[in-house]
Structures are given as structure tokens and as C-alpha cells.
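Here is the structure we will look at, set down as C-alpha cells.
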Amino acid sequence: KAHMLARDAAEKMGWKKPVCLHTPLLLGLSKPEMPSGGRYDEDTRINMRIGSKMSKSKPESCIFVHDSPEVIRSKMKKAYCPPKQEEGNPVLEYAKYIIFPHLGEIEIPRPEKYGGPVTFEDYKALREAYLKGEIHPLDLKNGVAEALIEILEPIREHFRRNPKPLMRMIQIEATR
Numbered sequence: 079k080a081h082m083l084a085r086d087a088a089e090k091m092g093w094k095k096p097v098c099l100h101t102p103l104l105l106g107l108s109k110p111e112m113p114s115g116g117r118y119d120e121d122t123r124i125n126m127r128i129g130s131k132m133s134k135s136k137p138e139s140c141i142f143v144h145d146s147p148e149v150i151r152s153k154m155k156k157a158y159c160p161p162k163q164e165e166g167n168p169v170l171e172y173a174k175y176i177i178f179p180h181l182g183e184i185e186i187p188r189p190e191k192y193g194g195p196v197t198f199e200d201y202k203a204l205r206e207a208y209l210k211g212e213i214h215p216l217d218l219k220n221g222v223a224e225a226l227i228e229i230l231e232p233i234r235e236h237f238r239r240n241p242k243p244l245m246r247m248i249q250i251e252a253t254r
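Structure follows, in C-alpha cells:
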């Protein structure tokens with residue numbers, strides 16, 4: 079609603095209309111919990127989702143575009159990933175909203191004794207297998223971590239070649 083109001087007001091004031099890009103709020107990697115600072119919404123589920131979103135103020139709960147592969151693996155290994163559960167599961171959410179739109183598939187590494195690696199070409203198939211218990215949470219975390227590492231590699235490479243913008247951003251964060 080606020081964005082539509084801004085677009086209407088901008089036109090009336092002779093300003094350029096703002097561009098509004100709406101994306102889902104990604105859950106943080108920690109276990110969802112009720113926000114400590116009060117309520118955001120009357121709906122308890124929405125309230126919990128907003129309170130559990132990824133936040134740079136909790137760096138252990140999110141993946142930064144400049145995180146190293148080792149850091150991504152470590153954060154993902156500690157991520158909340160309840161077995162056979164989709165709701166409130168940030169690892170499945172990353173697969174749905176980041177990995178499938180960018181890569182079109184995900185490979186889940188598994189030991190041979192559990193069927194070996196398996197590739198999913200759409201989120202629905204991954205979701206169904208996970209909810210049935212065919213994919214172990216640790217295997218899902220490992221697959222999501224490797225896919226995120228692949229997706230973020232061009233960004234890490236950009237910052238290796240051109241570190242000044244990243245350093246400025248880190249300095250700004252440190253002064254807040």
C-alpha cells in the first residue's frame with residue numbers, strides 16, 4: 079500500500095515514480111521465534127515470520143553476498159532445518175526462492191548407502207522428497223550451501239577484483 083501511495087503522490091508532485099521491487103522476506107537461518115520488540119501483525123504466523131527474517135544485525139543468521147564458501151558452509155550447517163517440515167524452514171526457502179530461480183536445479187549430495195547424490199529439477203519435487211523424509215536435513219543443507227556458493231561466486235570475484243565498494247560498505251556498517 080505504501081508503495082502505491084508513493085507512486086500516486088510522486089506523480090501529483092511532479093516527481094519521478096519510484097520503482098517498487100517486491101520480493102519475499104527470507105527467513106533467517108536461526109530457529110523462528112516471536113519477536114522480542116512487540117507485535118508486527120495480528121496474525122501470529124506473519125508476526126513470527128517478520129520477526130525471524132534475515133537480518134544483518136544477526137550476521138550468523140544470514141548469508142552475505144561476500145561470504146566465503148567456508149563461511150557459507152558453516153552457517154548453513156548450523157541452520158535451522160526441521161526434518162519433514164516446510165513451514166519455517168529457511169533451508170527449503172533458500173532453495174525455493176534463490177536456487178531454483180537462478181540454477182533451475184539442485185544437487186543434493188548423499189552417501190551411497192542412502193542412495194547417492196540426487197538432482198531435483200524443480201522445487202515441488204525437492205519439497206515432496208524432503209517432506210517424505212527421503213532427504214536428510216544435513217544433506218539438504220549441504221546441497222543448498224554448494225548451490226549458494228556457485229550462485230555467489232561471480233559477486234565474490236567482482237569484489238576480489240574491485241574491493242573498494244565492499245570495504246566502504248563494511249566501514250559504513252561499522253559506524254552505525
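Quick note, this note's numbering runs 78 ahead of the 1-based positions in the sequence shown.
We put the beta carbon where it would ideally sit given N, CA and C, even for glycine.
What you are looking at is a predicted structure, and each value in this text was computed from that prediction instead of being measured.
Classify residue i: buried if its beta carbon has 16 or more other beta carbons within 10 angstroms, exposed otherwise.
i	result
Glu87	A small correction: the amino acid at residue 87 is Ala; Glu does not occupy that position in the sequence shown. So Ala87 ends up on the exposed side.
Glu224	buried
Lys219	buried
Pro215	buried
Met82	exposed
I'd like the span of the beta strand (DSSP E) that includes residue i, first residue to last.
i	result
Glu190	Run containing Glu190: none; DSSP gives neither H nor E here.
Locate the alpha helix (DSSP H) running through residue i, then write down its first and last residues.
i	result
His81	Ala80 to Lys90
Pro147	Pro147 to Lys156
Which whole-angstrom value is the C-beta distance of residue i and residue j, which I expect to be below 8 Å?
i	j	result
Ile217	Pro179	Sequence inspection shows Asp at residue 217; the Ile mentioned does not correspond to that position. Their Cβ separation, rounded to whole angstroms, is 21 Å, which puts Asp217 and Pro179 out of contact at 8 Å.
Gly106	Ser139	3 Å
* At a cut of 8 Å, does the region 161 to 176 reach the region 236 to 248 through at least three beta carbon pairs? -> no
* **the region 185 to 193 touching the region 136 to 155, judged by at least three CB pairs closer than 8 Å** => no
* **Residue ranges of each beta strand (DSSP E) within the region 171 to 228, 3 or longer** => 184 to 186 and 196 to 198
* Would you call the region 228 to 235 and the region 201 to 212 in contact, with 3 or more CB pairs under 8 Å? -> no
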